[in-house]
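Chemist: Encoded as structure tokens, here's the structure I'll be asking about.
There are 2 protein chains.
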Amino acid sequence: MKKTSLKDIAQKAGVSTALVSYVLNGKEKETRVGEAIAKKIREIAKELNYQPNHLAKSLRSGKTHTIGLIIADISNPFFANIARVVEDEAKRNGYTVIIGSCDENADKSWDMINVLINRQVDGFIIVSCEGSENQVKYLKERNIPFVLLDRHFPDIQTDFVATNNYKASYDAGLHLIRGGYEKIGLMAYKSNMYHMEERIRGYKHALADNGIEFQKSWLKEVKFDAMEREVKVAIDEIMKSEHRVEAIIFATYGLAINGLKYFNELKVKVPSDLAIVSFGQAEVFDLYYCPITFMRQPLENLGKTAVEYLLKNLKNPEEGMKQILMEARLIPRESSKAKSEWLVK
Amino acid sequence: MKKTSLKDIAQKAGVSTALVSYVLNGKEKETRVGEAIAKKIREIAKELNYQPNHLAKSLRSGKTHTIGLIIADISNPFFANIARVVEDEAKRNGYTVIIGSCDENADKSWDMINVLINRQVDGFIIVSCEGSENQVKYLKERNIPFVLLDRHFPDIQTDFVATNNYKASYDAGLHLIRGGYEKIGLMAYKSNMYHMEERIRGYKHALADNGIEFQKSWLKEVKFDAMEREVKVAIDEIMKSEHRVEAIIFATYGLAINGLKYFNELKVKVPSDLAIVSFGQAEVFDLYYCPITFMRQPLENLGKTAVEYLLKNLKNPEEGMKQILMEARLIPRESSKAKSEWLVK
Chain H
1 MKKTSLKDIA QKAGVSTALV SYVLNGKEKE TRVGEAIAKK IREIAKELNY
51 QPNHLAKSLR SGKTHTIGLI IADISNPFFA NIARVVEDEA KRNGYTVIIG
101 SCDENADKSW DMINVLINRQ VDGFIIVSCE GSENQVKYLK ERNIPFVLLD
151 RHFPDIQTDF VATNNYKASY DAGLHLIRGG YEKIGLMAYK SNMYHMEERI
201 RGYKHALADN GIEFQKSWLK EVKFDAMERE VKVAIDEIMK SEHRVEAIIF
251 ATYGLAINGL KYFNELKVKV PSDLAIVSFG QAEVFDLYYC PITFMRQPLE
301 NLGKTAVEYL LKNLKNPEEG MKQILMEARL IPRESSKAKS EWLVK
Chain C
1 MKKTSLKDIA QKAGVSTALV SYVLNGKEKE TRVGEAIAKK IREIAKELNY
51 QPNHLAKSLR SGKTHTIGLI IADISNPFFA NIARVVEDEA KRNGYTVIIG
101 SCDENADKSW DMINVLINRQ VDGFIIVSCE GSENQVKYLK ERNIPFVLLD
151 RHFPDIQTDF VATNNYKASY DAGLHLIRGG YEKIGLMAYK SNMYHMEERI
201 RGYKHALADN GIEFQKSWLK EVKFDAMERE VKVAIDEIMK SEHRVEAIIF
251 ATYGLAINGL KYFNELKVKV PSDLAIVSFG QAEVFDLYYC PITFMRQPLE
301 NLGKTAVEYL LKNLKNPEEG MKQILMEARL IPRESSKAKS EWLVK
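Chains as they are written, first to last, in full-length UniProt numbering: chain H, 1 to 345; chain C, 1 to 345.
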């Protein structure tokens, strides 16, 4: 099958190649071509299955209209869904999104960024992984436009769109305290990523502000790479300790899933044996036998704003820094019902 | 930050630039350089944060060592997980994967394929969407290496790696029949994709082979784009009809999720009001109050084999067609327990 050229379309429509080019590049208004002709040209292009040569076009314009999206873990539904939002929003603005996943691994992230730079994306939206500060600095110093999404580095001045994780975690703790729980644990990743530190900080402050003395054994930090095993060990420890918790906050979706599976194995009853609040969001929180209270992050808004910021950068690189922290909202469900509600039963 | 060059590394290591190039391109054996020197060069490269210029490299070799993966829907965990498998397997073989999602939309799929061809991927792994036959033909005629994954077109001769959907659906039906269910429904997508047709065909044959007369009202086909609403309508119809089903097979993960949510709303009890078997796989099937029986597709094996086939094609384009249908395995859970088990209670 020969690739359809502008000439083929021009011949069939009985117009000049230049005119076809104007119409298909959306510039028909400049030439004041009638809408009937423009429509005819577009129909013929579709009929002949015309495919614009993006590379040739981008070599002329210096723009590829392509965004590179690096996500930390494609198998986490939060990121898969945010990728979908970014794609839709980019599409609405005439951009295509190419996705690379780095499995929370800084080396892979370097690879992906390089592969995509070499493939001439106009800019990046990046969900950073641990240890990738040098990559962010590298992009900055080369003046490659990018926006950090969901995670950012407080010591590097960049554009970012993220959730206020300190506040979200504080709110999760406060919600449990108001429900009558006092011994509250937090399961988080062993990580020096800022968003994780903020979740830990918010949790501790919620306890402190309400006169609850934080116990070291309540905070469990597990490795992302060994999550399945370490979550079990952590839960075993939590359940046996002398300060056994009555409630637990999961700092991520992955931790929650592994935790819930193990609770089922142990026949732990939620919330009477253990109340739960989780970060992340997924179908499973709705459909669990005891629906899970979670911090709803503004997924749509995060994704859309990241695209908006990046496109603004592309249009006007001199525009100032754009940074926003959005609020998560606690969605209360059965899993963290106030003690008074289930104690009477 | 200046980009580190081979020369920088050579100077620091006190060797020639050519030698550095050999070592970093994995050709040190050809020059019989000692392992100590090779190790030193690699360490310095790492220390100086050397980033190979993939594009320059690929212009010399004609290969980019990049695979384009087009998936039908990134927000479906089956595809997100298979993407992860493809990435890991590609990585093991020295390839990077660039992902594009097409939201079950043929136009978007065309866009993605073009964008990635223009970015010089060596080949494609594609989860096709409806109406994309012309794209597959286009790739074939241009001799662009590709493998279809999970879905294929029986009328176009291509390499493919897929599940035996007819057999899987037949087995799902048979399992329910053996459990004492006779009125069995199927909820599928309204689609002329072969994998969907095969799931319908397998279901019907399972009924016929066991002397059960198929009722038109048992088969519900809903549009992907309007799934949430149409699943509810379909369930309302199914539950009210005179041939009300006792069991239902969901042909996809998305249908199952929407169905389960609505069953919760209606307070339908699984399996006593309605038994369930589903395609797809996800955490939610484990964690639902009544764990869901599902057809486990060989996700790992599908992803790995797709990479294997593609790499074989890249090495030897003249090699014959490679096609495989893999078996899904039914994982029996509470949701389709034999009637005899719960009737006695």
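Yeah, the Cβ is synthetic: ideal placement off N, Cα and C, and Gly gets one too.
Quick caveat, the model's predicted, so the values are computed rather than measured.
As a quick exercise: from H:Gly173, H:Phe285 and H:Val245, pick the residue whose alpha carbon is nearest that of His205 (chain H).
Modeler: H:Gly173
Chemist: Straight-line CA distance for Arg333 (chain C) to Gly180 (chain C)?
Modeler: 15 Å
Chemist: Thinking Leu311 (chain C) and Asn93 (chain C) are a contact (beta carbons under 8 Å), I'd like their distance in whole angstroms, please.
Modeler: Confirmed, Cβ separation roughly 6 Å.
Chemist: Kindly indicate which residue of C:Lys39, C:Pro291 and C:Glu327 has the alpha-carbon position closest to the one of Gln297 (chain C).
Modeler: Of the residues C:Lys39, C:Pro291 and C:Glu327, the one whose Cα lies closest to the Cα of Gln297 (chain C) is C:Glu327.
Chemist: In terms of residue numbering, what span does the alpha helix (DSSP H) encompassing Val277 (chain C) cover?
Modeler: Unbroken run through Val277 (chain C) is the beta strand (DSSP E), Ala275 to Ser278; no alpha helix (DSSP H).
Chemist: Verify whether the separation of the beta carbon atoms of Tyr189 (chain H) and Met196 (chain H) is less than 9 Å.
Modeler: yes
Chemist: Distance check for Glu198 (chain C) and Thr96 (chain H), CA to CA, integer angstroms please.
Modeler: Looking at the two C-alpha atoms, the distance is approximately 33 Å.
Chemist: Have a look at Lys337 (chain C) and Asn301 (chain H) and give me their C-alpha separation to the nearest angstrom.
Modeler: Spanning the two alpha carbons is a distance of roughly 43 Å.
Chemist: Chain H beta carbons: is any one of them nearer than 9 Å to that of His120 (chain C)?
Modeler: Inspection of the sequence shows that residue 120 (chain C) is occupied by Gln rather than by His. Answer yes: the Cβ-Cβ gap between Gln120 (chain C) and chain H drops below 9 Å somewhere.
Chemist: Whose Cβ in chain H lies nearer than 8 Å to the Cβ of Glu265 (chain C)?
Modeler: The premise fails here: Glu265 (chain C) is roughly 11 Å from chain H at the closest Cβ pair, so nothing lies under 8 Å.
Chemist: Just curious, the alpha helix (DSSP H) that Glu47 (chain C) is in, first and last residue?
Modeler: Glu35 to Glu47
Chemist: Quick check on Tyr262 (chain C) - is its C-beta less than 9 Å from some C-beta in chain H?
Modeler: Not closer than 9 Å to any Cβ of chain H, the Cβ of Tyr262 (chain C) fails to qualify, so no.
Chemist: Tell me the residue span of the alpha helix (DSSP H) that contains Asn323 (chain H).
Modeler: What sits at residue 323 (chain H) in the sequence shown is Gln, not Asn. Premise fails: Gln323 (chain H) lies in the beta strand (DSSP E), Gln323 to Met326, not in any alpha helix (DSSP H).
Chemist: For the beta strand (DSSP E) containing Glu221 (chain C), list its first residue and its last residue.
Modeler: Leu219 to Val222
Chemist: Residues of chain C with CB closer than 8 Å to the CB of Asn134 (chain H), please, in chain order.
Modeler: Asn49
Chemist: Name the chain C residues whose beta carbon is nearer than 8 Å to that of Pro77 (chain H)?
Modeler: Ser75, Pro77 and Ala80
Chemist: Is the stretch 281 to 290 of chain C close to the stretch 271 to 291 of chain H, with three or more CB pairs under 8 Å?
Modeler: yes
Chemist: For Asp73 (chain H), collect the residues of the same chain with a Cβ closer than 7 Å to its Cβ; drop the 5 residues on either side in sequence, then sort them by chain order.
Modeler: Its chain contains Phe79, Ser101, Asp103 and Glu104 as the residues whose beta carbon lies nearer than 7 Å to that of Asp73 (chain H), once the 5 sequence neighbours on both sides are disregarded; these appear in chain order.
Chemist: Once the 5 residues before and after residue 424 (chain H) are set aside, which same chain residues still bring their CB inside 6 Å of it?
Modeler: For residue 424 (chain H) there is no data in the structure shown, the boundaries of chain H being 1 and 345.
Chemist: Determine, using beta carbons only, whether Arg201 (chain C) comes closer than 9 Å to chain H.
Modeler: no
Chemist: Is Arg151 (chain H) helix, strand or coil by DSSP?
Modeler: Coil at Arg151 (chain H), not helix or strand.
Chemist: Any idea if Lys46 (chain C) is buried or exposed, counting beta-carbon neighbours within 10 angstroms, 16 or more meaning buried?
Modeler: exposed
Chemist: Which parts of the stretch 247 to 287 of chain C are runs of the alpha helix (DSSP H), unbroken and 4 residues or longer, counting only runs that do not cross its ends?
Modeler: 253 to 266 and 283 to 287
Chemist: Quick check: Met187 (chain C) and Ile248 (chain C), are their CB atoms within less than 9 Å of each other?
Modeler: yes
Chemist: Helix, strand or coil for Ala72 (chain C) per DSSP?
Modeler: coil
Chemist: Leaving out the 5 sequence neighbours to the left and right, which residues in its chain are closer than 7 Å to Lys339 (chain H) when beta-carbon positions are compared?
Modeler: The answer, listed in chain order, is Gly179, Gly180 and Tyr181.
Chemist: Less than 9 Å between the C-beta atoms of Lys63 (chain H) and Leu314 (chain H), yes or no?
Modeler: A contact, by the Cβ cut-off of 9 Å.
Chemist: Could you tell me whether the Cβ of Ser101 (chain C) comes closer than 9 Å to any Cβ of chain H?
Modeler: True, the Cβ-Cβ gap to chain H drops below 9 Å.
Chemist: Just to make sure I have the definition right: I need the residues of chain H whose C-beta is within less than 7 Å of the C-beta of Glu283 (chain C). Which are they?
Modeler: Ile257 and Val284
Chemist: Under a three-way DSSP split, which group does Ala188 (chain H) fall into?
Modeler: strand
Chemist: Assess, as a yes-or-no matter, whether the stretch 223 to 235 of chain H is touched by the stretch 157 to 174 of chain H under the definition of 3 or more beta carbon pairs within less than 8 Å.
Modeler: no
Chemist: Kindly indicate if chain H contains any beta-carbon less than 9 Å away from that of Lys91 (chain C).
Modeler: At least one chain H Cβ lies under 9 Å of Lys91 (chain C).
Chemist: First and last residue of the beta strand (DSSP E) that includes Ile98 (chain C)?
Modeler: Thr96 to Ser101
Chemist: Against Glu87 (chain H), what residues of chain C qualify as contacts under a CB-to-CB distance less than 7 Å, listed in chain order?
Modeler: Ser101
Chemist: By how many angstroms is the C-alpha of Ile331 (chain H) removed from the C-alpha of Ile212 (chain H)?
Modeler: 24 Å
Chemist: Can you confirm whether Arg84 (chain C), when its beta carbon is compared against all beta carbons of chain H, has any partner nearer than 9 Å?
Modeler: yes
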